[in-house]
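Novice: Protein chains in written order, with full-length UniProt numbering: chain A, 1 to 463; chain B, 1 to 463. Pasting in a structure now, in structure tokens, and then I'll have a few things to ask.
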């Protein structure tokens, strides 16, 4: 331990690391403390890519596990240092290095906070769409490493759609530059997208080149209140088939109505059991036309009430409620177990029906919000108390939810990643052959298995 | 050879293969006959994925080189069977298996021709944007394998932006299914995009799940005639920075004016040396507004003449000229050497200047058309005669063009791929460490090196 302190001080300077037990405690888990596992020996806070490379070369040389970490806002245990070793925190790599107007691209270091980046590009008339709920704290490096999504994916895709190139440190300390600043690129294997979503198990991402869009000049919000979940799910799938592409399309349950009715007027009708909250963007005229078309379509499909809210300030109230729901629900229950299963959009009605049936059969309280426009649902089991029997029942229910999603052609994770939480399900989705191939790719990058060990794979070891 | 015929007949039936020397001659090269190399022993034409898997397992077992092939319309020698062996032609895998309206996705076999697929989805009100010039013959499997682009990439990205999942056969004959039909997916490594652009060196693609968009209801064409290349290039980069996103933005040289003036009225001004041909899409109103905004911007930047052409029939004349230029130029010269270098869009003016200087210094006739909106330029050396001295001079000039592109932050290929043609430049772009990593990934898929040997890599062997 003494030796490591001296080595880290030499590589990183006195500000660049910590071995203080109180500091280290905070690095044992991500946003869900119950994934806490392992005792890191040190946290490294490199100030540039060269320092990060020195840490990786050092870890490699001494065979020390290394766990990369952004803001630690994940929900799958992806940055839990299960094997101890060094946690590498990217927070000092926080420079927005370039916003290139003539090429519509930006270069950012991995530790830049998403919301800060969005403010910076919007101030120049540009737009970076990915918007996970944790945007006020999560880092762009973490977004890339987990292929982060958010509500806007229905129209704009997820982080992967915006990554053009990466600077990354291989486990042996070599720095590579994948991709480019060009929109088109067809030379060699696409390592950029191989690293995107690899959850820190292949290399350390230190910088990203991101694609920007011109900022749409206006938005218009619409809301449809539905008699029940199934009706709402049907509206989503009919609307998509009809060519409607909102910039956000969220499905909310009856539990949210009370929250809405504290701030919006007139109140939402009490007999509704679900609602769709949508945003359209473009010129003011286009955005309103799309919102009105969608409202009319929902009316035809039997919505109890539809609203078009063109005024941005009034619309902001609706979206504020949306963003407060998760923290609010968290505060009302002892524990929440949230899932991230994603299904093809035409299967949302079937998925909703099966999830509701599972909850009823197992006597559990289940919320079912989600980014319905892209099929990414977040079924949430709400527990008033925490005990082993209830937790086991919840785990069993979630296993059934995941299997129901897979049976409908879905995937085990839409945007949260595998981490620790989903490792046992990976093979169920991908099959043994594909998982074996992924393990061989892992070895091509990280032959000694130091990078974020214990993640993604069903078993504890990487090889 | 007798043994192989019997084996292929058993696996594929009498229609499923050929060893006829006249048939095999056509399989020695892609669209550029001068890449012809190697003598294939057989062509395999599997009728489904299981037959394809049997061929790969057979090739693997007997250590026979296997070269996957779509339509053979490539321009980089990517499907040249340099080591002989078996060419696997996907043309019988030609079913459009699903167009899913409620999920906005399609499932297609690898041998489906792009234009046929586009017609099928457009008949249902959908849109599949990638549009390489060879679209009337090229296959979707080939498009995925080379990450094919085309003029629409400026707004819509390339093939990679539309691939959600793949069915692929590994060299040992195992079939894997990567990705999914979901818009969001964050479980495991992104093998879908790793296979996309891998030019048949990792696995055989047999099926793709593709993302569709709603078809924009209208388009509007605009044209700006510029005093010279540099002025045109500046307009592109200023327009992009100003937030204009055309659906196509092509840069054409003075040589095209005579062709335009045969069909369009009034004729283009003779003093122009370059023109920008652009299309905007959306509702009729939106498309026209964007075209007018762009025309006004070009006028402000000194265009000699601008035109907005909202009438689709009149606009079609302009685009017909665009599509005829390459075949026309081909017919006027003895040989063309076409490049595919791509630069960040803000560097197009610098690139144009350097390319023109290189042509002048080396006494060569150089055309410089390109998909300027996405930085993908196609400098073309036009040779009136073919002799060794001239060819060497042309090769040397192209080497300098590639180096000029790289020096500006560009890439060696935007959409044609590496194949044989660019193998010597790969390390120049990516660096030794990254190329070594790619080789290790190659071995993780294809340990014995049977898949499309002799491609992408600087040396002849894969490992």
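Cβ coordinates follow ideal geometry from the N, Cα and C atoms, glycine included.
Pick helix, strand or coil for residue 335 of chain B, following the three-state DSSP scheme.
Specialist: Numbered from 1 along the second chain, position 335 holds the residue referred to as residue 335 of chain B. Reduced to three states, the DSSP call for residue 335 of chain B is strand.
Novice: Where does residue 461 of chain A fall in DSSP's three states?
Specialist: Residue mapping note: residue 461 of chain A aligns to position 461 of the first chain, counting from 1. Caution is warranted here: a pLDDT of 46 is assigned to residue 461 of chain A, below 50, making its placement in the model unreliable, and the coordinate value is therefore given only provisionally. Coil.
Novice: Do the CB positions of residue 408 of chain B and residue 347 of chain B come within less than 9 angstroms of each other?
Specialist: Reading the second chain from its first residue, position 408 is the one you call residue 408 of chain B. Reading the second chain from its first residue, position 347 is the one you call residue 347 of chain B. A contact, by the Cβ cut-off of 9 angstroms.
Novice: Does DSSP classify residue 256 of chain A as helix, strand or coil?
Specialist: The sequence position of residue 256 of chain A within the first chain is 256, counting from 1. Here residue 256 of chain A sits in helix by DSSP.
Novice: Answer yes or no: does any C-beta atom of chain A fall closer than 9 angstroms to that of residue 128 of chain B?
Specialist: Residue 128 of chain B sits at position 128 when you count from the first residue of the second chain. With 9 angstroms as the cut-off, residue 128 of chain B does not count as an interface residue toward chain A.
Novice: Taking the straight line between their C-alpha atoms, what separation do you get for residue 312 of chain A and residue 441 of chain A?
Specialist: Here residue 312 of chain A is taken as the residue at index 312 of the first chain, counted from 1. Here residue 441 of chain A is taken as the residue at index 441 of the first chain, counted from 1. Between residue 312 of chain A and residue 441 of chain A, the C-alpha separation is close to 48 angstroms.
Novice: Leaving out the 5 sequence neighbours to the left and right, which residues in its chain are closer than 8 angstroms to residue 49 of chain B when beta-carbon positions are compared?
Specialist: Walking along the second chain from the start, residue 49 of chain B turns up at place 49. So the qualifying residues of the chain are 93, 167, 169, 175, 206 and 207.
Novice: Looking at chain A, is there any beta carbon in it that lies within less than 9 angstroms of the beta carbon of residue 460 of chain B?
Specialist: The count along the second chain starts at 1 and reaches residue 460 of chain B at position 460. At residue 460 of chain B the pLDDT is 47, less than 50, meaning the model places this residue with poor confidence and gives no usable figure here.
Novice: Indicate whether residue 291 of chain A and residue 308 of chain A have their beta-carbon atoms separated by less than 9 angstroms.
Specialist: Indexing the first chain from 1 puts residue 291 of chain A at position 291. Indexing the first chain from 1 puts residue 308 of chain A at position 308. In this structure, residue 291 of chain A places its C-beta atom within 9 angstroms of the C-beta atom of residue 308 of chain A.
Novice: Thinking C-beta only, is residue 375 of chain B closer than 9 angstroms to residue 342 of chain B?
Specialist: Mapped onto the second chain, residue 342 of chain B falls at position 342. Mapped onto the second chain, residue 375 of chain B falls at position 375. It is a contact, given that the beta carbons lie within the stated cut-off.
Novice: Can you give, in chain order, each stretch of the beta strand (DSSP E) that sits fully within the segment 200–276 of chain A and has at least 3 residues?
Specialist: 204–211, 218–226 and 248–253
Novice: Under three-state DSSP, which class holds residue 455 of chain A?
Specialist: Counting from one through the first chain, the residue named residue 455 of chain A turns up at place 455. DSSP places residue 455 of chain A in coil when its eight states are reduced to three.
Novice: Just curious, the beta strand (DSSP E) that residue 15 of chain A is in, first and last residue?
Specialist: Counted from its first residue, the first chain places residue 15 of chain A at position 15. No beta strand (DSSP E) contains residue 15 of chain A, which DSSP labels as neither H nor E.
Novice: Once DSSP output is grouped into helix, strand and coil, what is the label at residue 542 of chain A?
Specialist: Because residue 542 of chain A is not part of the residues shown, which for chain A are 1 to 463, the question remains open.
Novice: Taking buried to mean at least 16 other C-beta atoms within 10 Å of its own C-beta, is residue 462 of chain B buried or exposed?
Specialist: The residue you call residue 462 of chain B lines up with position 462 of the second chain. The predicted position of residue 462 of chain B is uncertain, since its pLDDT is 41 and thus under 50; a value taken from the coordinates is nonetheless stated next. Buried.
Novice: Listing by chain order, which chain A residues have their CB less than 8 angstroms from the CB of residue 438 of chain B?
Specialist: Position 438 of the second chain, counted from the start, is the residue given in the question as residue 438 of chain B. The answer, in chain order, is 188, 189 and 191.
Novice: Take residue 236 of chain B and list the residues in its own chain whose beta-carbon comes closer than 8 angstroms to its own, dropping the five residues that flank it on each side.
Specialist: Along the second chain, one-based indexing puts residue 236 of chain B at 236. Correct list, in chain order: 249, 251, 276, 345, 348, 372 and 373.
Novice: List the whole-angstrom C-beta distance separating residue 304 of chain A from residue 227 of chain A, where the pair is believed to meet the contact cut-off of C-beta under 8 angstroms.
Specialist: Translated into the one-based positions of the first chain, residue 304 of chain A becomes position 304. Translated into the one-based positions of the first chain, residue 227 of chain A becomes position 227. Between residue 227 of chain A and residue 304 of chain A the Cβ distance is about 6 angstroms, and since that is below 8 angstroms, they are a contact.
Novice: Give the residues from the segment 323–347 of chain B that approach chain A closer than 7 angstroms (Cβ to any Cβ), ordered along the chain.
Specialist: 342, 343, 344, 345 and 346
Novice: Please compile the residues from chain B whose C-beta is within a distance smaller than 7 angstroms of the C-beta of residue 280 of chain A.
Specialist: Residue 280 of chain A sits at position 280 when you count from the first residue of the first chain. By Cβ distance, chain B contributes nothing, its closest Cβ being about 13 angstroms from residue 280 of chain A, past 7 angstroms.
Novice: Pick helix, strand or coil for residue 197 of chain A, following the three-state DSSP scheme.
Specialist: If you number the first chain from 1, residue 197 of chain A lands on position 197. Correct three-state label for residue 197 of chain A: coil.
Novice: Among the candidates B:136, B:118, B:138 and B:139, whose CA atom is the shortest distance from the CA of residue 129 of chain B?
Specialist: Against the second chain, residue 129 of chain B aligns to sequence position 129. Ranking the options by Cα distance to residue 129 of chain B, first place goes to B:118.
Novice: Return the CA-CA distance between residue 427 of chain A and residue 359 of chain B, expressed in angstroms with no decimal places.
Specialist: Sequence index remark: in the first chain, residue 427 of chain A carries index 427 (1-based). Sequence index remark: in the second chain, residue 359 of chain B carries index 359 (1-based). Their Cα atoms are separated by approximately 56 angstroms.
Novice: Would you tell me roughly how many angstroms separate the C-alpha atoms of residue 30 of chain A and residue 74 of chain A, rounded to the nearest one?
Specialist: As a first step, residue 30 of chain A is located in the first chain; it is residue number 30 there, counting from the start. As a first step, residue 74 of chain A is located in the first chain; it is residue number 74 there, counting from the start. The alpha-carbon atoms of residue 30 of chain A and residue 74 of chain A are separated by roughly 6 angstroms.
Novice: CB-CB under 6 angstroms to residue 147 of chain B, same chain, minus the five flanking residues each way: which ones, in chain order?
Specialist: The residue you call residue 147 of chain B lines up with position 147 of the second chain. In the same chain as residue 147 of chain B, and ignoring 5 residues on each side of it, the C-beta atoms closer than 6 angstroms to its own belong to 158, 159, 160, 196 and 197, in chain order.
Novice: Give the straight-line distance between the Cα atoms of residue 231 of chain B and residue 238 of chain B, rounded to the nearest whole angstrom.
Specialist: Indexing the second chain from 1 puts residue 231 of chain B at position 231. Indexing the second chain from 1 puts residue 238 of chain B at position 238. About 11 angstroms.
Novice: Closer than 7 angstroms, Cβ to any Cβ of chain A: which residues of the segment 233–263 of chain B, in chain order?
Specialist: Hits within the stretch, in order: 237, 240, 241, 243 and 245.
Novice: Between residue 365 of chain A and chain B, is any beta-carbon pair separated by less than 9 angstroms?
Specialist: Residue numbering aside, residue 365 of chain A sits at position 365 when the first chain is read from its first letter. The beta carbon of residue 365 of chain A does not come within 9 angstroms of any beta carbon belonging to chain B, so the residue lies off that interface.
Novice: What residue range is occupied by the uninterrupted beta strand (DSSP E) comprising residue 38 of chain A?
Specialist: Indexing the first chain from 1 puts residue 38 of chain A at position 38. That residue, residue 38 of chain A, is in no beta strand (DSSP E); it is neither H nor E in DSSP.
Novice: Name the chain A residues whose beta carbon is nearer than 8 angstroms to that of residue 132 of chain B?
Specialist: Taking the first residue of the second chain as 1, we reach residue 132 of chain B at position 132. Near residue 132 of chain B there are no residues of chain A at all, since even the closest Cβ is about 11 angstroms away, more than 8 angstroms.
Novice: For the alpha helix (DSSP H) containing residue 155 of chain A, name the first residue and the last one.
Specialist: Locating residue 155 of chain A in the first chain gives position 155, where the first residue counts as 1. That run of the alpha helix (DSSP H) goes 153–156.
Novice: Does the structure place the segment 380–388 of chain A close enough to the segment 363–370 of chain A that three or more beta carbon pairs sit under 8 angstroms?
Specialist: yes
Novice: Could you check if residue 332 of chain A is buried or exposed, using at least 16 other CB atoms within 10 Å of its CB as the buried criterion?
Specialist: Counting from one through the first chain, the residue named residue 332 of chain A turns up at place 332. By the 10 Å Cβ count, residue 332 of chain A comes out exposed.
Novice: What residue does the beta strand (DSSP E) around residue 68 of chain B start on, and which one ends it?
Specialist: On the second chain, position 68 is the one that residue 68 of chain B refers to. 66–69 is the extent of the beta strand (DSSP E) around residue 68 of chain B.
Novice: Thinking C-beta only, is residue 224 of chain B closer than 9 angstroms to residue 299 of chain B?
Specialist: Mapped onto the second chain, residue 299 of chain B falls at position 299. Mapped onto the second chain, residue 224 of chain B falls at position 224. Result yes, Cβ atoms of residue 299 of chain B and residue 224 of chain B sit closer than 9 angstroms.
Novice: Closest to residue 111 of chain B by CA distance: which of B:446, B:330 and B:45 is it?
Specialist: Position 111 of the second chain, counting from 1, holds the residue named residue 111 of chain B. The residue with the shortest Cα to Cα distance from residue 111 of chain B is B:45.
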